[in-house]
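Enquirer: With my numbering applied, the sequence shown covers 2 to 220. Beta carbons: idealized from backbone N, C-alpha and C, even for Gly.
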Amino acid sequence: MAILDQIHAIPLSIQLIPRVDLGFAERLHLRPDQVSIGLITSDNDDATYVSIDHATKMADVEVVYAHSFYAGAKHSSGLLSGEILAILAGPNPDEVSSGLNAAIEYMKKDAVWYAANEDASVTFFPHVISQTGSYLSRVNNLPVGSPIAYLVAPPMEGLVALDAALKTAAVNIASLSMPPTETNFMGAVLTGDQSACKAAAAAFQNKILEVVRNPIQYE
Numbered sequence: 002m003a004i005l006d007q008i009h010a011i012p013l014s015i016q017l018i019p020r021v022d023l024g025f026a027e028r029l030h031l032r033p034d035q036v037s038i039g040l041i042t043s044d045n046d047d048a049t050y051v052s053i054d055h056a057t058k059m060a061d062v063e064v065v066y067a068h069s070f071y072a073g074a075k076h077s078s079g080l081l082s083g084e085i086l087a088i089l090a091g092p093n094p095d096e097v098s099s100g101l102n103a104a105i106e107y108m109k110k111d112a113v114w115y116a117a118n119e120d121a122s123v124t125f126f127p128h129v130i131s132q133t134g135s136y137l138s139r140v141n142n143l144p145v146g147s148p149i150a151y152l153v154a155p156p157m158e159g160l161v162a163l164d165a166a167l168k169t170a171a172v173n174i175a176s177l178s179m180p181p182t183e184t185n186f187m188g189a190v191l192t193g194d195q196s197a198c199k200a201a202a203a204a205f206q207n208k209i210l211e212v213v214r215n216p217i218q219y220e
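1) Can you give the Cα-Cα distance for V64 and Q35, rounded to whole angstroms?
2) For H128, write down the residues that DSSP places opposite it in a beta bridge.
3) Who pairs with V64 in a beta bridge, going by DSSP?
4) Could you tell me which whole beta strand (DSSP E) segments of length 3 or greater appear in the region 129–207?
5) Using only CA atoms, which one of D95, F205, G159 and D46 lies nearest to I38?
6) Taking the Cβ atom as the reference point for each residue, do T42 and I88 lie within a distance shorter than 8 Å?
7) Compute the distance between the beta-carbons of L80 and I15, then report whether it is under 8 Å.
8) Taking three-plus beta-carbon pairs below 8 Å as touching, is the region 114–131 in contact with the region 169–185?
9) Which value, in whole angstroms, describes the spacing of the CA atoms of N141 and V190?
Structural data, given as structure tokens:
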């Protein structure tokens with residue numbers, strides 16, 4: 002593998018429940034019109050978060066559950082567990098199936114991680130979304146349709162790169178996940194106009210690569 006080679010998430014299991022049990026629906030806090038649910042696991046949580054947000058723009062679905070698992074995909078609880086479980090809910094199986102298809106397509110093609118070194122022992126996620134869907138808007142307290150830079154990296158590299166991103170572009174922090182997170186990475190969502198978000202993501206990437214090249218640099 003080479004520096005900046007792409008790394009794509011792998012969906013591990015995708016399941017559709019056409020008519021969810023009423024007791025289960027109550028526990029998921031579903032509305033009466035949310036009859037069907039779709040469940041996704043994958044080996045990468047942040048790629049899945051942006052993918053399920055994309056699904057809300059492509060089908061009549063909402064994200065009703067999405068949580069990362071502790072220790073990451075390499076230490077998952079089972080073959081199909083991966084790093085995350087996400088659940089979409091909708092009014093019928095067709096809409097939920099469309100949402101699942103949209104999420105998986107985005108995960109495979111657009112939710113791209115990158116290698117920061119030749120053995121990919123450091124990876125990062127400098128992802129820009131031109132318009133948020135209902136999920137990322139809700140969890141980040143943003144209007145639907147907001148441009149964001151969704152930035153994730155290991156703790157040291159990521160925090161130094163976040164500072165560089167904030168100094169480079171006219172963006173603000175909408176959310177910041179300080180380590181330790183479930184997977185021991187850091188993550189931030191930055192807001193601004195689309196060009197500013199792109200500039201922030203580019204600065205984040207450049208600084209990640211610099212820190213990896215020069216891990217001890219303080220004088």
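Expert: Reading from the atomic positions:
1) 11 Å
2) Y151
3) L89
4) 149–154, 173–178 and 187–192
5) The residue from D95, F205, G159 and D46 with its alpha-carbon nearest to that of I38 is D95.
6) no
7) no
8) no
9) 8 Å
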